[in-house]
Every structure is written in structure tokens, then in C-alpha cells.
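A quick write-up on the structure given underneath.
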Amino acid sequence: MSHKHFKDSPLFIPSSYLTTEANKTGSWRFLRPRYDEKTAPCAVACPAGEDISRVLMLASQGLFKEAWETVLVENPFPGVCGRICHHPCETVCNRAHFDEAIATHAIERFLADTASRNELKPRLDRLPAKRERIAVAGAGPSGLAAAYFLALLGYGCDIYEAMGEPGGVLRWGVPSYRLPSGALRNEIAQIVELGVRIHCGNPVGEEFLGRAASTHDAVFVGCGCGREHGLAAAGEDLPGVEDGLELLRKVAAGNGGALEGPVAVIGGGYAAIEAARCVVRLGGKAILIYRRRREDMPASREQIAMAMEEGVEVRAGMAAVRIEAQSGEFLLTLREAQAEGGDANAGTASGRAAGKTDTIRVGRIFRAGGFDAAEQWMLPPPGDGVLRLNNSVLVFTEAGPRVFGGDLVNTSKSVAHAVASGKEAAIALDLLFREGIDSIRPELERCSVGGRRSLSMEAHMNGPRSLRSSAVVRYSEINTDYFRFSPRLTQPRLLKGERSRSFAEIDLKISANLAMREAERCFNCGICNQCDNCRLFCPDLAVVRDQSPLGRRIDYDYCKGCGICVVECPRNAMTLEEEQGPEYRGGEKD
Amino acid sequence: MELDVVDREYMYCGHVACAGCGAAIAMRFVLKALGEKTVMAIPACCWSIIAGAYPQSSLQIPVIHTAFETGGAVASGVRAALDVKGDTETTVITWAGDGGTFDIGFQALSGAVERNEDFLYVCYDNEAYMNTGVQRSSSTPYGAWTTTTPSREWKKMRKKNIVEALVAHRIPYAATASIAYPEDLVRKVKKAKAMKGSKFIHIFASCPTGWRIPSEMSIKIARMAVQTNIFPLYEVEGGVRYTINLSPRGYLVKEYFGLQGRFKHLAESDLDQIQQMVDEDWEFLQRRARAMPA
Amino acid sequence: MKKVLEGSHAVAEAVRLAGVQVVSAYPITPQTHIVERIADFCAEGAMNARFLRVESEHSALAALIGASSMGVRTFTATSSQGLALMHELLHWASGARLPIVMADVNRALAPGWNIWDDQTDSLSQRDTGWIQLYCETGQECLDTTLLAFRLAESVNLPVMVLLDAFLLSHTYEPVDIPDQESVDAFLPPLRPRIALSTSAPRALSQMAPPNVYMEMRHSIQKAMDETAARLEELDAEFMERFGRRYGAVEAVCCADADIVLVTSGTITGTARQVVEDLRAAGQKVGLLKIKLFRPFPTTQVREVLEPVPKVAVIDRNFSFGATGIFAQELRAALYGLSRRPEVFGFVAGLGGRDVTEKVVREIYLHARDNAAPDSEAIWVGLSEVSNGA
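Chains as they are written, first to last, in the numbering used here: chain A, 107 to 696; chain B, 2 to 295; chain C, 1228 to 1616.
As C-alpha cells, this is what we get:
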């Protein structure tokens, strides 16, 4: 006998057979988050507009080649700038408000050195070749940069350089203990690799401007400041009174000679400091004389400190008023400059009039007080037909357009500004050729980093950076909960005693480990570094991974607009804005 | 941040938790740590709703919804059933709010722990009866507004220390965790899963709706609760071995309170008093940890 | 095998034979002997079950709800306060359609503390969706417990087996304990219709909005509707296998009766004797024993009582503000008849006061000698007490 089987009795209970995915909770939203990469303050401060937050992000991930290429898009001279740039990026670095600024320059140099050591060839975006050719006067940083950017844009360039080697002030004005010529040579070689032709030992004069019209469609003038403009001191024209620039040139050529005894270097800028430091290395006792206060010296505080560590005696607040020759030496009379009515008067004749004097005996005198164009034609003409841009001046002539760039047209005379002027010139010429003069200002504005003075070539070439918001990330917008205090990299250097004994490079190389660790300290202001916080903390699983460059997107069918992703993004790479309604698709940049 | 967990989700979108719900975030992390061989009992709480109404479920594991007081008891029954069928691998977890843990569910929890039932009890704590409209529970902190402790009658009882109450049972494992510290949370859940006997994890889960904070501050507030030592992260093994996981810089309580509407009625003197209470509790915890280290 | 057993132990034997897998219980006099015997069985390996010694009755039923949801056979026992404490979960168990079996030893509700026989505890839970089966003898306790599992699992409704405090639970009677093989043939291992599993995850008992809740409730009633018929079939099968049957009701000498006594539980045993004696004295009296209380056996009750002029219901329980509960249910069941008896409702034996033959006889005489009751509920044997003391 088997037991009775019953038909199943009715059984309707609360249980599940569907998921909640049928509920499109995105309809709840009144605020909408979106990925909105922004501009980092370092990129704004960098005259060359380097995408520094991204460079450091790539470096921290060990993607050194990619990081290096990211620099090269905006600046052909990472190895140079990493060594000698005044790094305004570090001055505005948001991390400084947390613990210490990132040592960006050290990483930039590391990337260039690593690429060179491994003989890497960069993969750069280039536009197709164009027919126009541009003639460049001067193979200094601005001319080389202009040619480099023009080459990226597809234009052929010929650079005419007076000296036997290219580089301009980089080769002939910066001593090798700051910038070894090998590092410079590598980077110039890469410019040549793009097809740029450099004609050395080929000085050009004023007629060059007109002559070039027959062979080239435009001219770039980047001749730099080659002439010392004098001290207004009696006796400065005496034979034997030398130019600091000339000393630097000789040192760069390898025949600085030997010095001994007290040597005066008059001036307070970069050239003066370096001349003084060369004097020490050549055996002399350098006395640096500067007419204003030490804090007014254009040279960087660090440079001055290093000069003093090497034995340079700095006498600030002393103006050179008279030079007399005496038995093969010089008597140099200095007067204490008392500032009347404040700083403005300090350098004036009336300012110099007051104060006590001091006369010193020196074996040599080098003037390095300030520099101007060697010849008048190297400067842009005054008057109409001139378009003054941020770092260059565009002049329209019957013989074709001319762009003046570099130190001669920049109040800030730095290698980064030189690169900036080369880039600006290249973009301006590209626009002039392709679209006409009226397109220049709007396009430069579109390419500007953070809406300020620097330009991005990547933006001009419509790379991903052109989509980035120009809002500049402030420290208050960083979620510092995700960072721990960690000290800034200490740059390894030659011991103090060793430095002044030779022209060997003072800053030593750092390991990849150190470079990555330092790069990791970067907040990566404004850009996504794939930290995944947005996806991790989303209560609604509305951030999904995908194949896009950002690696993720927001599923607006379910996103309730809580905004946690935006707050927990440590680097303000997202924005929360009012939901405009289902028809509004703007802001989603995929 | 890298979480050392399987990069798989055990929750579906489309659940009806409030925007910014800390309890939803807590569930996500806990399930990642537990995986799919898990049976969950959910007594009455916000998650009774978030888990989906008939015929939906927002979770990819089997769930049994139960009455309010029964979290510990139902889990005991589920465990017994699995054991008698020869399955000692599947994790049994009770997922309850603070009301169903500290108050009405305390007896069943205490009973289950005293019997050392082999299950994990997770209390996600949003510090009031949120599902019914922000009424006070014994987990509501000293000083908070709720609908049953309105501003002039704000709660003047201290938050019940549930972890210490269970530690007194010599529970094999009890720990606090926070949605703002996911790696720590996941580590603790995995640690608990690997142990036999009763395990309790007390998760701090922000509630924008009930705490009167903007929804985007959910994680940040949770982090600050830890950083002010109001909700310290620590674990206790066997009821005797203490490990404090984090010794934060100790942000001021008033900074944490100042961001939340539920505390805005407090006067400066109240905040000072509360700061003293927090400092005192933190000191006591440290003393216990020193006296009974892991 | 015949043994002399307490009613409690008879229940325990049935639980053992049924192969229950999870037991969860909290002690309360006079249920204790049931669970103590089960604890022994588990300890000595006679039962392969998990025994949860929970910390309250509410948790006991909660634990079984958890266990039963996983698809195992479950059992608990309680009384009085414990059953009252379970109230919320009684609703839950039936709403969740779980085939839980519970023995309730009918005991009075406090205050004042009273551990003796009274049916108000289980009857005041009559709305909770549990099937209720009342027992008269120790044998019936064992048999009903076995039937309960089979019935519960066939309709997916929880079943309460009722036995009187002390009069059944602690009274020794001869009980035939069937062998395991016969029981297995009658009650095979559980094939659950509800069982959570990690391989096919789903949620149970989640929110049910107005658009579905009514249908879910209706489903419970539809299962209840099938219960009486299923019980009858199971009864017949049990008869075939074990030679005993009980039915939803049992009518004794009702065919030509002028008055039928309606009883449940152990009072039935006493009433049988009284009816036999009265018949011997020429009184046309009958006895209707009600075993199945939920679902109320309306059809069977109507069939037996329709031609009967008078009915005397003996309730060892009361619903305040109304009447004795069996009387109330009976009146409602008879209402639909065009011809129906005069129903006298008597309340006796509350709090364990003895319902002796003398009491039953008095009830009979009152019904016989009065045309109609002078109140809806006639309390039997009350003493004078001072009010407001």
C-alpha cells in the first residue's frame, strides 16, 4: 500500500522571481554627477602648459615612456627643463598646502634621462605634411621649440644658427654643472629627427628677413639677448672689462681658462650667478655685486644659496660706480645704494647717489647686469600691423608674416617661456596659413590651459585634453582623507665640497623607485587616475566599468544623484550639477 | 584604492534605498567578502524594503525576511537546518539594523551568541529606527535629535555599547567596521567567515535622510566618526583579546557634529561635554586594549 | 508496541518516529516532559535532529521558521504564556506556509499563575491560520502528531496538536507505539515545496503590496478549504495502516438524540461515560466530539446536529465579551441551516477546575429542563465571591 499523493495545494507566498533592475531609479535624480576632468594649477603655472598632473600620474604607475611622451606633446625639453626650469609648477602645487610640493622637476628630468638611457623613440601625434616652410633665426630654446612644434603640425623648418652648435643660451649660457651638454644634445637630436634642418655656423643679419621670403612662407626670430647693456659706471669701457655671457660661452666651449684671486661679477640675475659659480670653478674668488637687495635678485633663492655654498661672496645693495685699471688689475668702487622712496628708486641714479662707498681690488671684472638684443632688427617693430600675443609678437609684412619670440619679447626670460613662445608662434602660424588672422585669438583662447596664458598643443590638435574643463582645481576641492603625510623627495646632490672643484653635474640621478614614490604624492588634481572610489562607494552600483578611456561610465538609468562619487573622488575629476531632465544629454563626454 | 576582493557584485541596481544610503554600501562590501554560499536572514529594518518588494529581490543570495525580534533566532534555525542536512560550509548571516539588534532583537541575539551558534550577525547601524521615520533607539548617540527625542528633549542617554555587551558573552569574534574603511570591513568579514561559532560585526552606516546631512557626505561623515574616536575601529577575539585597528589624529567632535542637522540644536557647552565623554570612552577602550591585548 | 506512557511522551515518540530534523523549544510547565524526552532521544542518538535550546518561545518558533524555510521537518511544543508569546509568529508561520508542527499543552493564561487545564490559550489563536487538532487520549496524541506532519506537508499549513494540561500530558495510559517502518510508509521524508538554496537564490517573505497581499491571504484560505477533505483521506489511510481513526468529528449516539453534548479534549472521555450511563437510564442523549477545530468542520457539524433539537456545548475556555469559543463557532456554523437546534453554551473547568461526571450530568439536566438558555454563556459551578476585592 503506498501512501496517498495529493495534488499540490494552492501556494501563493511572498517570494521573488525577478530582480530590482526593473526599477529605473535614475528617475529620482535631481542632481547628476558626471566625469569632468579639470585643469591642475601646475599646468596653468607651467608656461609650456605641460599636462603635469597626467605626467605624474603615468610616472607613478611606472608608465615612464607614456609620461615622457605626455611631456613631449607640450615641451621638447624635459631633460633641460627638469634641470634648469624655475618650476613655477611647484610654487602653486596644491600638495604644498597638505605637506610639501611635489618635486616635479626631478621627475621630469628622470623621465628624460630614462628615455635617453634606454634610447627610446617617442610616438608623437603629428599632422600630415604641409607645403609651407618656415625659416627660424637662432637655434636657441625658442627657435628650436618653434621648429619642433611646427614640425608636429606638419611644417618644414630651417634654423639658421650663428654658433657652431645649436642650443643658444642652453648650450652657451648654462654651465654643464646645471645642464650637461649631452642631455641637451639628445633633445635637440629628437627635434632634428622630426625633419627640422639646423644650419650651424650660419649667422644671419637684417637682410635675412627679406631674403627668407623667397624661400620660406614665414620667419621666426628667436635670437635672444646677446648684448650686455652696461652698468652706467665710469670706466666700464676700459679694456679688460668683460661680459659674463662671454665667460659662460668660453666655459661652454671648454676653454674657460684659469682664474685666480678676487674676481668681480656684477649683476644679480641667472647669468651673473652662473658666471660667479664658474669663476669659483676656474680657480678664482668670486665676488658677486648687486645694486639692490638680495631679495630683489632675479636669480632664484636656491641658485643664490648654492652659489654661496660654493664660496661666492654676495655683496648686495652695492652699485658699481667706477672702475679704474691699476697694474694689471682693477679698482672697483662700490657705493651702498640707499633706497629713497622705496624699492622703485633703488636702482636709479638718485638712489645710488647716497650711501658710503667701498673700493675693492680685483683681477677681473665680468659684467652681467642685464642683456638686450644684439641687433635692432631682432626686435619686433613698433606700430601697426603687429599682433601681440602672450609670449610672442606676430608682425605682418609684405614679405610675409614674421613672429618674434623668446627672451626678446618675454618679460619672463626663462626656458619654459621660450618654449611657450615657440609653441604660440607655431600655432599662430598654423592658423594664419589654414584659416586666417581672425582665427588666431579665438583658437589660442580655446587651447589655453585653465583659460590663462599657457597653451596646449594637444588641445590645438584636438586630443583628449581639449575636452578637459578649464576650471582650475583648488586645494579646498581635494579630498585629503585619501592622502597621508609623506616628505618630499630630497634631491641627491654632489657633496658641497665636491661641487666647486669641477663642472660635473651637481644634481644626481634618482632611481625609478624614488621617482615613482614622489610621483605618487601628486594629487593628480582634476584628472582620473583610476582609483575606483566612485565605483566602489556607489550605493546603487551605477558606476560600471567599460572600454572608454576613463575605464568607467555612470549608468544614468539607476544613478540617484547622491553625489558620493563626486565627494569621494580625491582629485575633483567629477562634477555634480543640476539634473536637466531626460532630454538633456549634454555633459556626458564619451 | 584596491580592495582585495573578488570583483563581483552580489547586489542588483534598482533597489529603493535612499540616495546615498550607507546601508546599501555596507551590504555591497559584506557580500563581496562572503560570496554566494550565503543565506541571509533580514529582520524588520530598512533592508526589509531595500531587498525588494514582491516579486523582486535586489540580492543574489537566498534571503529570508523575518519578524523584528527574530534575527538571532531565525539564523539559529537556518544553521540547524543546514547542519542537519550535512552543510556546514554555507554561511548563515543575520543582517539587521540597530533597532533589531540593540533593542527588540537583543534577546534573540544574546541567546544565539550564548549558545555560540555558528553564524555571523551583522548590525548596520544608522543610529535610529530609520525605516519607520527616525525614532530613537538605544543606539542613537547622546545628543541626537530624533522624532521621539525632538530638539528640546534630545537624547540624553548614551549609545548602548553593543560590542562590549557581546564581548561579555565571550563571543568568539566581535568587531566594529565602517563603510568609509572598506578594506578593513572586508578583512573583518572574511576573518569572521573563516571562524566557527558566533561572530558579530557592528558597521557604522550613515543615513543622510535621518541624520540630516547631504547625501554626498555619507562616506565622509562615516570617516569622521572614526577619526573623532566616536566610532573606533577595533576587534575582540574570544571576548578577551583586543586589537584597536586605527588610532586616528582625533578630530574634534564638534567638527563632526557640525556637519549634521540632527545635532544642530546642541549648545557649545553640550559639545564640550560630549567631547569629554568621547575622550573618556576612547581612553577606556585603550585601557582595555592595553590590559587585554591580542 | 504497547507501552504505558504519559501523553507528553506519546507526543515525543511520534516526533521521534516522524524523523523530525530540527526541534527548538523553551520550557514551560506542563510541556516540559515533551521536550525533555525529545532531548533524551537526541542525546542518545535515537533522533538525528538538531535541538535548539532557545531563550524564549518567540525565538523557538522563529528558529523553526528559519529551519523550515530551508526545507527540513520541524517541531516545537509549548503552553499558555509561551503560545501567547509566539502569537506574532503563529501568523508568520502560516503566512509563510511552512509545515511546522507544534504540540500545545492547553494551560490557563495568567494572571494569576495557573498551570492547569484550560483551552483559552490555543483557541485565542484561532485566527492565526494554524490547523488545530484536539486530542482526547494518549494514543490520540501520538497518532495525531503523526497525522499532523503528513497533513501539514500536504497543504503547507502549520498544525497545532492540542493536549490537556496534566490530564493528558502527565497521565499515563496504554499507548501503542508503531514501528518505524510502518511510520515511514505512512510518513515518508519531507519533500518540501519551500526550501531556500544557494544554487537557486530567492527571497522569502518580503514586502507584499496591496495588489498581491489579498491573493496571498486567499491562498491560505484555499489551502484551509482543502484541509478537511485531506484529513479525512489521511484518516482513512491511517485506519488501514494502524487500525485507528478519529475523523474531524466523532458522533456518538446522535442519530435519535434529543440533546447532544458537544465536547473536545479530555472532557470527551468523561462525557462518553455520562452519555453511556444516561442512555442506560433511557435518556436520549448523544455526544459530538470535535477534534478538528481549524478549519471548523462546518459540514460535519451541520450534518450531525441539524436534526437535533438541543445542543449543549461544554467550553473549557472563554472569549471575553462574547461566549465560550466552541459554542460561538458552532452557532456560526449552524446559522446557515434553515432548521437548527437550540444551542446551550456552558463554560466549565477553567483554570483546571475538574469537570467531573457530576458536572456533565448537571449540564445535561439544565439543557433538558430548559427550553432555551437564559444567557449566551452559562458558567457552571461558580462560587460566590466578593467583587472588587
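We treat Cβ as the ideally placed atom computed from N, Cα and C, and that holds for glycine. Given the structure is predicted, the values throughout are model-derived calculations rather than measurements.
**Asked** Would a C-beta distance cut-off of 9 Å place Leu-1458(C) and Leu-1378(C) closer than the cut-off?
**Response** Yes. Within cutoff.
**Message:** Can you check whether the C-beta of Leu-117(A) is within less than 9 Å of a C-beta belonging to chain C?
**Reply:** With 9 Å as the cut-off, Leu-117(A) counts as an interface residue toward chain C.
**Message:** Strictly by DSSP, which residues pair up with Ala-295(A)?
**Reply:** Assignment of beta-bridge partners to Ala-295(A) by DSSP yields no partner.
**Item:** Asn-1333(C): first and last residue of the uninterrupted beta strand (DSSP E) it sits in
**Value:** Segment 1328-1333, the beta strand (DSSP E) holding Asn-1333(C).
**Cα-Cα separation, Ile-1358(C) to Gly-1576(C)** = One C-alpha to the other measures close to 24 Å.
**chain B contacts made by the stretch 639-656 of chain A, where a contact means CB separation under 7 Å** = Within the stretch 639-656 of chain A, the qualifying residues are Asn-639, Leu-642, Phe-643, Pro-645, Asp-646, Leu-647 and Ala-648.
**Prompt:** In terms of DSSP beta bridges, what is Gln-1359(C) paired with?
**Reply:** In the DSSP assignment, the residues bridged to Gln-1359(C) are Met-1387(C) and Arg-1521(C).
**Item:** Proximal chain A residues relative to Asn-1383(C), where beta-carbon distance stays under 8 Å
**Value:** Within chain A, Ser-115 and Leu-117 have C-beta atoms less than 8 Å from the C-beta of Asn-1383(C), given in sequence order.
**Request:** Report the rounded CA-to-CA distance for Ile-119(A) versus Pro-1436(C), giving the unit in angstroms.
**Result:** One alpha carbon belongs to Ile-119(A), the other to Pro-1436(C), and they sit about 12 Å apart.
**Item:** Among Ser-592(A), Phe-591(A) and Leu-614(A), the one whose alpha carbon lies nearest that of Lys-602(A)
**Value:** The shortest Cα separation from Lys-602(A) among Ser-592(A), Phe-591(A) and Leu-614(A) belongs to Leu-614(A).
**Message:** Out of Ser-1351(C), Asp-1331(C) and Glu-1380(C), which one is the CA nearest neighbour of Val-1388(C)?
**Reply:** For the residues Ser-1351(C), Asp-1331(C) and Glu-1380(C), the minimum Cα distance to Val-1388(C) belongs to Asp-1331(C).
**Request:** Please list, in chain order, all residues of the same chain as Ile-633(A) whose beta carbon is under 6 Å from its beta carbon, the five residues on each side excluded.
**Result:** Cβ within range, chain order: Glu-143, Ser-159, Arg-160 and Ala-679.
**Of the residues Thr-1256(C), Pro-1405(C), Pro-1600(C) and Ser-1296(C), the one placed nearest Lys-1229(C), counting alpha carbons only** = Measuring from the Cα of Lys-1229(C), the nearest candidate turns out to be Pro-1405(C).
**Request:** Could you name the residues of the same chain whose beta carbon sits closer than 6 Å to that of Leu-535(A), not counting the 5 residues immediately before and after it, in chain order?
**Result:** Cβ within range, chain order: Ala-324.
**Prompt:** Going by the beta-carbon positions, is the gap between Arg-720(A) and Gly-374(A) smaller than 9 Å?
**Reply:** Nothing in the structure corresponds to residue 720(A), since chain A is present only between 107 and 696.
**Message:** Judging by CA-CA distance, which residue of Leu-117(A), Glu-481(A), Ile-670(A) and Glu-685(A) is the nearest neighbour of Pro-215(B)?
**Reply:** Measuring from the Cα of Pro-215(B), the nearest candidate turns out to be Ile-670(A).
**Asked** Quick one: does Pro-120(A) have its CB under 9 Å from some CB of chain C?
**Response** Chain C contact via Cβ: present.
**Message:** the ligand MG and Leu-344(A): does the residue's C-beta get closer than 8 Å to at least one heavy atom of that ligand?
**Reply:** Only the bare structure without any ligand can be found here, which leaves the ligand MG out of the picture.
**Message:** If I measure Cβ to Cβ from Lys-462(A) and keep anything under 6 Å in the same chain, skipping five residues before and after, which residues do I get?
**Reply:** Residues of the same chain with a CB within less than 6 Å of the CB of Lys-462(A), apart from the 5 flanking positions on each side, are Glu-442 in chain order.
**Prompt:** Of all the alpha helix (DSSP H) runs that stay within the bounds of the stretch 218-291 of chain A, which reach a length of 4 or more residues?
**Reply:** Listed in chain order, the complete alpha helix (DSSP H) runs (minimum 4 residues) inside the stretch 218-291 of chain A are 247-258 and 275-278.
**Message:** Short of 8 Å Cβ to Cβ, which residues in the stretch 1451-1481 of chain C face chain A?
**Reply:** Per Cβ criterion, the list reads Glu-1453, Arg-1457, Glu-1460, Leu-1461, Glu-1464, Glu-1467 and Arg-1468.
**Item:** Contact set for Ala-1273(C): own chain, Cβ-Cβ below 7 Å, skip 5 residues either direction
**Value:** Closer than 7 Å at Cβ, skipping near neighbours: Arg-1243.
**Request:** Return the Cβ separation of Leu-1291(C) and Gly-112(B) in integer angstroms, given the expectation that the two are a contact with Cβ distance under 8 Å.
**Result:** Actually they are not in contact, since the Cβ atoms of Leu-1291(C) and Gly-112(B) sit about 14 Å apart, beyond 8 Å.
**Message:** Can you confirm whether Thr-1364(C), when its beta carbon is compared against all beta carbons of chain B, has any partner nearer than 9 Å?
**Reply:** No - not a single Cβ of chain B is within 9 Å of the one on Thr-1364(C).
**Near-chain B residues of the stretch 1263-1289 of chain C - C-beta to any C-beta below 9 Å** = Among the residues of the stretch 1263-1289 of chain C, those with a Cβ less than 9 Å away from any Cβ of chain B are Asn-1275, Ala-1276, Arg-1277, Phe-1278, Leu-1279, Arg-1280, Val-1281, Glu-1282, Ser-1283, His-1285, Ser-1286, Ala-1287, Leu-1288 and Ala-1289, in the order of the chain.
**Item:** Spatial distance of Ala-1(B) from Ile-220(B) (CA atoms)
**Value:** As displayed, chain B neither begins before 2 nor continues past 295, which places residue 1(B) out of reach and without an answer.
**Prompt:** Taking the alpha-carbon positions, what's the Val-227(B) to Leu-247(B) distance?
**Reply:** Val-227(B) and Leu-247(B): Cα-Cα distance of roughly 8 Å.
**Prompt:** Beta-carbon separation of Asp-646(A) and Thr-125(A) under 9 Å?
**Reply:** Contact: no.
**Prompt:** What separation, rounded to the nearest whole angstrom, lies between the Cα atoms of His-1318(C) and Arg-1444(C)?
**Reply:** Cα-Cα distance, rounded: 11 Å.
**Prompt:** Does DSSP put Trp-134(A) in a helix, a strand or coil?
**Reply:** Per DSSP, reduced to three states, the secondary structure at Trp-134(A) is helical.
**Message:** Rounded to whole angstroms, what is the Cα-Cα separation between Gly-447(A) and Glu-180(A)?
**Reply:** Because Gly-447(A) carries a pLDDT of 47, less than 50, the predicted location of this residue cannot be relied on, and the following value inherits that uncertainty. So the two alpha carbons sit approximately 44 Å from each other.
**Message:** Since Pro-139(A) and Gly-667(A) should fall inside the 8 Å C-beta cutoff, what is the C-beta to C-beta distance between them, to a whole number of angstroms?
**Reply:** The beta-carbon separation of Pro-139(A) and Gly-667(A), rounded to 7 Å, stays under the 8 Å limit for a contact.
**Item:** Contact residues within the stretch 1432-1443 of chain C, judged by C-beta distance below 9 Å to chain A
**Value:** For the stretch 1432-1443 of chain C, which is checked against every Cβ of chain A, the residues closer than 9 Å are Ser-1432, Gln-1433, Met-1434, Ala-1435, Val-1439, Tyr-1440, Glu-1442 and Met-1443.
**Asked** For Ala-42(B) versus Gly-15(B), is the C-beta distance shorter than 9 Å?
**Response** Taking the C-beta atoms as reference points, Gly-15(B) is found no nearer than 9 Å to Ala-42(B).
**Where Phe-258(B) falls, given that 16 or more other Cβ within 10 Å makes a residue buried** = Buried.
**Request:** With a cut-off of 8 Å on the beta carbons, I'd call Pro-142(B) and Gly-101(B) a contact; round off their distance for me.
**Result:** That pair is no contact at about 18 Å.
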